[in-house]
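K.L.:
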Amino acid sequence: MSDARHFKDHHREARVFIARTVFTAVFIILLTGLLVTRFYSLQVTHHQDYVTQSDRNRVHVLPIPPTRGLVYDRNGELLAENRASYTLSIVYERVSDLEATLEVVGGLVNVSANDIEKFNDQLRQKRRPFDPVPLRYNLTEEEIARLAVNEYRLDGVEVHAQLVRNYTHGELFAHTLGYVGRINERELAGFSEEVYQQYIGTHSIGKIGLEREYEQQLLGQVGYQNVETNARGRVLRVLDSRAPKPGQDIVLHMDKALQREAYQALDGRRGAVVAIDVNSGGVLAAISAPSFDANLFVTGISYKDYRLLNQSRDLPLFNRFLQGQYPAGSTIKPVIGLAGLHHEVITPQDTIYDPGYYRLKNDNRLYRDWKRQGHGSEVDITQAIVESCDTYFYDLGHNLGIDRMHNFGDQFGLGEKTGIDIPSERRGLWPSKQWKRGARGVGWYPGDSLNVSIGQGDVLTTPLQLAVMTATLANQGKHFRPQVVSQVGAEAKQPELVQSVDVAQEHWDVVLDAMREVIHGRHGTAKSISGGANYEMAGKTGTAQVVAIAQGEKYDSDALSERNRDHALFVGYAPFDKPEIAVAVILENAESSSSAAKISRRLFDNWLNRESR
4 MSDARHFKDH HREARVFIAR TVFTAVFIIL LTGLLVTRFY SLQVTHHQDY VTQSDRNRVH
64 VLPIPPTRGL VYDRNGELLA ENRASYTLSI VYERVSDLEA TLEVVGGLVN VSANDIEKFN
124 DQLRQKRRPF DPVPLRYNLT EEEIARLAVN EYRLDGVEVH AQLVRNYTHG ELFAHTLGYV
184 GRINERELAG FSEEVYQQYI GTHSIGKIGL EREYEQQLLG QVGYQNVETN ARGRVLRVLD
244 SRAPKPGQDI VLHMDKALQR EAYQALDGRR GAVVAIDVNS GGVLAAISAP SFDANLFVTG
304 ISYKDYRLLN QSRDLPLFNR FLQGQYPAGS TIKPVIGLAG LHHEVITPQD TIYDPGYYRL
364 KNDNRLYRDW KRQGHGSEVD ITQAIVESCD TYFYDLGHNL GIDRMHNFGD QFGLGEKTGI
424 DIPSERRGLW PSKQWKRGAR GVGWYPGDSL NVSIGQGDVL TTPLQLAVMT ATLANQGKHF
484 RPQVVSQVGA EAKQPELVQS VDVAQEHWDV VLDAMREVIH GRHGTAKSIS GGANYEMAGK
544 TGTAQVVAIA QGEKYDSDAL SERNRDHALF VGYAPFDKPE IAVAVILENA ESSSSAAKIS
604 RRLFDNWLNR ESR
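Taking the working numbering as reference, the numbering of the sequence shown is continuous, increasing by one, and the terminal residue is 616.
#1: Go through the region 155 to 197 residue by residue and report every complete run of the beta strand (DSSP E) that reaches 3 residues or more, in order.
#2: For V136, which residues from the same chain have a beta carbon less than 8 Å from its beta carbon, with the 5 sequence-adjacent residues on both sides left out?
#3: Of the choices Q267, G209, G250, whose alpha-carbon is the least far from that of N298?
#4: In chain order, what residues of the same chain lie with their CB nearer than 7 Å to the CB of S294, ignoring the 5 residues before and after it?
#5: Taking 8 Å as the cut-off, does the region 303 to 312 touch the region 430 to 450 (at least 3 CB pairs, one atom from each stretch)?
#6: Kindly confirm or deny that the region 263 to 275 and the region 240 to 247 touch, where touching means at least three C-beta pairs closer than 8 Å.
#7: Any chance you could list the alpha helix (DSSP H) runs of at least 4 consecutive residues sitting entirely within the region 498 to 526, in chain order?
#8: For V462, does the three-state DSSP call read helix, strand or coil?
#9: CB-CB under 6 Å to R245, same chain, minus the five flanking residues each way: which ones, in chain order?
#10: Starting from L138, trace the beta strand (DSSP E) in both directions and tell me its first and last residue.
#11: Report the option in A593, G480, R568, I532 whose CA atom is closest to the CA atom of P582.
#12: Can the beta-carbon of S333 be found less than 8 Å from the beta-carbon of K530?
#13: With H, G and I counted as helix, E and B as strand and the rest as coil, what does DSSP make of H63?
#14: Would you say Y202 reaches chain D, if we count a Cβ-Cβ gap shorter than 8 Å as a contact?
#15: Within this structure, are the beta carbons of L476 and G274 separated by less than 8 Å?
#16: If you draw a straight line from the C-alpha of Y170 to the C-alpha of R185, how long is it?
#17: Could you compute how far the alpha carbon of Y43 sits from the alpha carbon of I21?
#18: Count the other CB atoms within 10 Å of the CB of N537; is the residue buried (16 or more) or exposed (fewer)?
#19: By the three-class DSSP mapping on this structure, what secondary structure does G285 have?
#20: Can you tell me whether K2 is helix, strand or coil according to DSSP?
#21: If you draw a straight line from the C-alpha of A474 to the C-alpha of G109, how long is it?
#22: If you drop the 5 nearest sequence neighbours on each side, which residues of the same chain put their C-beta closer than 6 Å to that of P466?
#23: So, helix, strand or coil for G340, using DSSP?
#24: With 16 other CB atoms within 10 Å as the buried threshold, where does Y576 fall?
#25: Here's a check: name, in chain order, each residue in its chain whose Cβ is nearer than 8 Å to the Cβ of Y199, leaving out the five neighbours to either side.
#26: Using CA atoms only, rank isn't needed, just tell me which of V230, H63, R604 is closest to L269.
#27: Under the three-state reduction of DSSP, which class applies to E614: helix, strand or coil?
#28: Put D353 into one of helix, strand or coil per three-state DSSP.
#29: According to DSSP, is N85 part of a helix, a strand, or is it coil?
#30: When you compare the CB positions of G72 and L255, do they come within less than 8 Å of one another, or not?
#31: With the cut-off set at 8 Å, would you say I279 and Q490 are in Cβ contact?
#32: The beta strand (DSSP E) spanning S380 covers which residue range?
#33: Using a 10 Å radius around the Cβ and a threshold of 16 neighbouring Cβ atoms, would you call E102 buried or exposed?
#34: Would you mind working out which of Q386, V19, D424, F194 sits nearest Y217, comparing C-alpha positions?
#35: Can you grab the Cα-Cα spacing for the pair R316 / S596, in whole Å?
#36: Quick one: residues in its chain with C-beta nearer than 7 Å to the C-beta of E84, no 5 flanking neighbours on either side, listed in chain order?
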């Protein structure tokens, strides 16, 4: 025990412990100093250098918008394409002073107040960080050069090529194709997350017409790129990518040449024309006049241009063939006559006396015929259709009653949406007892049936409905749903038979022969269009009152303002023996139904006398 204490050196051990402690402390202090120095170097001395290096190696995911599907007519004529356009955009997250940047940009290129307002609207909308927001479309080469020279002071400003929708015949198909436009805040708010992802990188959406109806097929699927960018946000390299899937092309039943013929035939007058393939329901032509240039809306219409269109008395933005609701006038008399034969209320041999008016029993009111002196003492169904005798149909409508007229006309599509593949169609009005009780709170009167029998009173039809009705007559009861698009991608759309009107053949023969006599007969109301034709036609003229004429008063065109004069209508089909095309025409305030009939003749000639179509 004493020996152990003798050999142990406490002082030496203490010195070693102190030396080690000092060494460790110095070592820790040196490491701490080195760490602090390094932090100082990173955070203070070389802060800007390392920020720049970091910025230069950012990796971003950029969406690649898909190419929108193209639209062709039945013969392969391109109607809606995608045209390359240089677009000026700003990436907000890379701009330190937006107002200053906009001021600089405005000094280099023409940026209107309208452009800036639309830019700010899109900036406030939901979007992905670092997505470029368009400021100006369709830059010129000179403007691109100015921006390139000043690139060093335009952080976040980009110029890139972008495909923009272009309608090759701007006014000709505006109401059928419709147009695309910038996605607005209301539309964006209605997007689900899944739909929102589909529109990343895309700034346009179908607004009206086929562009809206077939939006999902035309849109395609977005692609992506992983890219490395520098401090100014310029792409240094693409790391990997997934290609977008282009939208599907669509082919229409419509024929550009026939559409142009209809547009030129209207010659600037207000009205509508619809032509339908009798054997499929395919819409061959559909014009609403006046029209507008759909290209104005693609990148955002100016307030001045929109005000001119929206405030025009002629309503160029209004789709007359789909949404215009007009009294059918005498154009529905063949349907009423067919109903009378079918329900055995009349026979082909039955006649009436027409003194120029009709009077209900115990009623002093006179329901006037358009021909003041009447049509004679023995008017049968054929003469009534050929010469458009109102008195005959007053009597027939009274004896048929509204229930049978309503149910029969319903089979021809009256008062119902046709189901055409263009949105925003209106249904018109084919009155019934139930409708009047619900809408007016009163019962049905016998005089109401008389008005319906000649397409007046509460009757309202669209030009499209009249074309479908006429095609169904030509088809002897086969009622096809009208379709504008014949093919989506590689898939052809098949004709859709809505229903068949079950009527005896001898009744069809009577009515259709009478419609032929309207054009080719000596007393036909449309005989003026029969000259020189190498085929036979069938049709029916009509006029529709815009303002009511008091009992006993005579229609006086000179006493009425132009916009209060009667509308002129015509429906018809050709050739008579093997129908191919059915047409409905309405000319607003044109008065003379022969004017509408002449337009139909031009369409018949264009379609039937062409070598290839």
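We treat Cβ as the ideally placed atom computed from N, Cα and C, and that holds for glycine.
What you are looking at is a predicted structure, and each value in this text was computed from that prediction instead of being measured.
P.N.:
This is what the structure holds:
#1: 160 to 170, 182 to 185
#2: The sequence position of residue 136 within the sequence shown is 133, counting from 1. Excluding residues within five positions, the ones whose Cβ falls inside 8 Å are S92, I93, V94, Y95, F122, Q125, L126, R130.
#3: Translated into the one-based positions of the sequence shown, residue 298 becomes position 295. Ranking Q267, G209, G250 by Cα distance to N298 puts G209 first.
#4: Locating residue 294 in the sequence shown gives position 291, where the first residue counts as 1. Cβ within range, chain order: E174, A177, H178, P319.
#5: no
#6: no
#7: 508 to 523
#8: Working through the sequence shown from its first residue, we reach residue 462 at position 459. Three-state result, V462: coil.
#9: Residue mapping note: residue 245 aligns to position 242 of the sequence shown, counting from 1. Cβ within range, chain order: G226, Y227.
#10: Indexing the sequence shown from 1 puts residue 138 at position 135. That run of the beta strand (DSSP E) goes 136 to 139.
#11: In the sequence shown, counting from the first residue as 1, residue 582 sits at position 579. P582 has its Cα closest to that of G480, out of A593, G480, R568, I532.
#12: One-based indexing of the sequence shown puts residue 333 at position 330. One-based indexing of the sequence shown puts residue 530 at position 527. Not a contact, by the Cβ cut-off of 8 Å.
#13: Your numbering for residue 63 matches position 60 in the sequence shown. H63 falls in the strand class under three-state DSSP.
#14: You won't find chain D in this structure, because it holds only one protein chain.
#15: On the sequence shown, position 473 is the one that residue 476 refers to. On the sequence shown, position 271 is the one that residue 274 refers to. No, they are not a contact pair.
#16: Residue numbering aside, residue 170 sits at position 167 when the sequence shown is read from its first letter. Residue numbering aside, residue 185 sits at position 182 when the sequence shown is read from its first letter. C-alpha separation (whole angstroms): 16 Å.
#17: Working through the sequence shown from its first residue, we reach residue 43 at position 40. Working through the sequence shown from its first residue, we reach residue 21 at position 18. Approximately 32 Å, taken between the alpha carbons.
#18: In the sequence shown, residue 537 corresponds to position 534, counting from 1. With fewer than 16 other Cβ atoms within 10 Å, it is exposed.
#19: Counting from one through the sequence shown, the residue named residue 285 turns up at place 282. Strand, per DSSP.
#20: Only positions 4 to 616 of the chain appear in this structure, which leaves residue 2 out of reach.
#21: Numbered from 1 along the sequence shown, position 471 holds the residue referred to as residue 474. Numbered from 1 along the sequence shown, position 106 holds the residue referred to as residue 109. When rounded, the distance between both Cα atoms is 57 Å.
#22: As a working mapping, residue 466 is identified with position 463 in the sequence shown. Contacts found: A275, V277, F324, A587, I589.
#23: For the purposes of this step, residue 340 is taken as residue 337 along the sequence shown, with counting starting at 1. In this structure, G340 counts as helix in the three-state DSSP scheme.
#24: Position 573 of the sequence shown holds residue 576. So Y576 counts as buried.
#25: Residue 199 sits at position 196 when you count from the first residue of the sequence shown. Same-chain partners within the cutoff: K129, L191.
#26: Mapped onto the sequence shown, residue 269 falls at position 266. Out of V230, H63, R604, R604 has the C-alpha closest to the C-alpha of L269.
#27: Position 611 of the sequence shown, counting from 1, holds the residue named residue 614. Reduced to three states, the DSSP call for E614 is coil.
#28: Here the question's residue 353 lines up with position 350 in the sequence shown. In the structure shown, D353 sits in coil (DSSP, three-state: anything other than H, G, I, E or B).
#29: Taking the first residue of the sequence shown as position 1, residue 85 is located at position 82. N85 falls in the strand class under three-state DSSP.
#30: One-based indexing of the sequence shown puts residue 72 at position 69. One-based indexing of the sequence shown puts residue 255 at position 252. Contact flag unset, no.
#31: Working through the sequence shown from its first residue, we reach residue 279 at position 276. Working through the sequence shown from its first residue, we reach residue 490 at position 487. It is not a contact, given that the beta carbons lie outside the stated cut-off.
#32: On the sequence shown, residue 380 is found 377 positions in, with the first residue counted as 1. That run of the beta strand (DSSP E) goes 379 to 382.
#33: Locating residue 102 in the sequence shown gives position 99, where the first residue counts as 1. Classification for E102: exposed.
#34: Here residue 217 is taken as the residue at index 214 of the sequence shown, counted from 1. It is D424.
#35: Counting from one through the sequence shown, the residue named residue 316 turns up at place 313. Counting from one through the sequence shown, the residue named residue 596 turns up at place 593. Rounded to the nearest angstrom, the two C-alpha atoms are 23 Å apart.
#36: Taking the first residue of the sequence shown as 1, we reach residue 84 at position 81. For E84, where only same-chain residues beyond five positions count, the Cβ hits under 7 Å are L73, N169, T171.
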